[in-house]
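In our numbering, the protein residues as written are 39 to 425.
Backbone N, C-alpha and C fix where the C-beta goes; we use that ideal spot for every residue, glycine too.
Here the structure is a predicted model, which means the values were calculated and not measured.
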């Protein structure tokens, strides 16, 4: 039987509330550091919570009790008291579980591991539950001898998943600069410095910084939406450092693949990184296969989405000979990097013998592909001049 361990320190729960409060503020049009009841309800309903256990009148009553200034808008302190109301906690718990568990494979709850010695468990699961249930963020909890702990996924809002948010802001800022300085964003101020230019391959930073250059609003919006929607829950479970490695690996693999396949074409956009985030979900399913609910369904779903997108582009370009602006090689390179690096760096909740072999196979394959592309760029300049 699993023992629930309450967390009574309000300061730790406030860290979780701050994460949620800041997310709601992003959709607030008043920019006064407060949120309204409508903002809160829309946030819950738009993020996948199908079962709202509070009727509208009950939520409104709780809201008005906590709105001391009667302004019909809550600041952070009032929001904390609102969240501390015992009738509201289950709703937020449903939201967090629905959002993360829908996108990220998580171990089945039926398995438990016996702890034979007194241990310290770092619990990072940012959930808000009744006081009799687990409610922890980044606290240290001591569990006595012979306790049994569930092998469940841990995810956290603190520290918040900031890497993809920051890189998205940076990409949007560079696009805004290019849009302001030139009508063609590929010729803007930042684009001339950051875009991958096959005639300037000696400027090695361009193999990374091309991700900051986007051609048109559809290009930038599509990349930002996909990387945030799919990347943030991945970052909450596996932490920002792992997602950073995958994203950067995808960006570099994308530019190297493009330089070999299309050596005379410039490249811009974060699609290499975006595709690496997409295939990292496949790597997550593969490496946590034994503890993932319905792993085959999740694997097929992500594979169909990625293969369909890549397949259509490849077919149009190489079979129908339709000229497009899509960097097929960059997409494929990013996708390959996300899968291979994801297998190596993402958390594996229960390692099996097969997965150990798979880990080494992915590492060697990635090293060979990247090494080969780098060698071509360094030691075969004639290939690019002929092209």
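Let me confirm a value: residue i is counted as buried when at least 16 other C-beta atoms fall within 10 Å, else exposed. Which label applies?
| i | result |
| --- | --- |
| residue 120 | buried |
| residue 249 | buried |
| residue 256 | exposed |
| residue 314 | buried |
| residue 241 | exposed |
| residue 71 | exposed |
| residue 430 | Nothing can be reported for residue 430: it is not among the residues displayed for the chain, which extend from 39 to 425. |
| residue 166 | Summary for residue 166: the model assigns pLDDT 36, below 50, so the residue's position carries little reliability, and this model does not support an answer. |
| residue 81 | buried |
| residue 227 | exposed |
| residue 58 | buried |
| residue 52 | buried |
| residue 20 | As displayed, the chain neither begins before 39 nor continues past 425, which places residue 20 out of reach and without an answer. |
| residue 336 | buried |
| residue 330 | buried |
| residue 371 | buried |
| residue 400 | buried |
| residue 206 | buried |
| residue 78 | buried |
| residue 419 | exposed |
| residue 67 | exposed |
What is the DSSP secondary structure of residue i, counted as helix, strand or coil?
| i | result |
| --- | --- |
| residue 74 | strand |
| residue 305 | strand |
| residue 265 | helix |
| residue 363 | coil |
| residue 65 | coil |
| residue 322 | helix |
| residue 389 | coil |
| residue 55 | helix |
| residue 87 | Because the pLDDT of residue 87 is 45, which lies under 50, any placement of that residue in the model is unreliable, and the number read from its coordinates should be weighed accordingly. Correct three-state label for residue 87: coil. |
| residue 398 | helix |
| residue 166 | Unreliable placement is indicated for residue 166, whose pLDDT of 36 sits below 50; no coordinate value is reported for it. |
| residue 199 | coil |
| residue 272 | helix |
| residue 419 | helix |
| residue 290 | helix |
| residue 348 | helix |
| residue 317 | helix |
| residue 378 | helix |
| residue 28 | A question about residue 28 goes unanswered here, because the residues of the chain that appear run from 39 up to 425. |
| residue 337 | helix |
| residue 404 | helix |
| residue 285 | helix |
| residue 60 | helix |
| residue 260 | helix |
Bridge partners for residue i per DSSP, in chain order?
| i | result |
| --- | --- |
| residue 112 | 73 |
> Is the stretch 298 to 311 touching the stretch 341 to 361, taking contact as three or more C-beta pairs under 8 Å?
Replying inline: With contact defined as three or more Cβ pairs closer than 8 Å, the stretch 298 to 311 and the stretch 341 to 361 are not in contact.
> Is it true that the stretch 209 to 221 meets the stretch 287 to 297, where meeting means three or more beta-carbon pairs spaced less than 8 Å apart?
Replying inline: No, because fewer than three Cβ pairs between the stretch 209 to 221 and the stretch 287 to 297 fall closer than 8 Å, the two stretches do not touch.
>> If we require 4 or more residues per run, which alpha helix (DSSP H) segments fall completely within the stretch 207 to 258?
In response: Listed in chain order, the complete alpha helix (DSSP H) runs (minimum 4 residues) inside the stretch 207 to 258 are 227 to 232 and 244 to 247.
>> Count Cβ pairs between the stretch 368 to 388 and the stretch 404 to 418 that sit closer than 8 Å; are there 3 or more?
In response: With the cut-off at 8 Å, the stretch 368 to 388 and the stretch 404 to 418 touch.
> Is there contact between the stretch 383 to 395 and the stretch 271 to 290, where contact requires at least three CB pairs shorter than 8 Å?
Replying inline: Segments in contact, yes.
> Three or more beta-carbon pairs under 8 Å between the stretch 412 to 421 and the stretch 348 to 368, yes or no?
Replying inline: Per the Cβ contact rule, the stretch 412 to 421 is not in contact with the stretch 348 to 368 (fewer than 3 Cβ pairs under 8 Å).
> Is it true that the stretch 196 to 212 meets the stretch 257 to 271, where meeting means three or more beta-carbon pairs spaced less than 8 Å apart?
Replying inline: Yes, the stretch 196 to 212 is in contact with the stretch 257 to 271.
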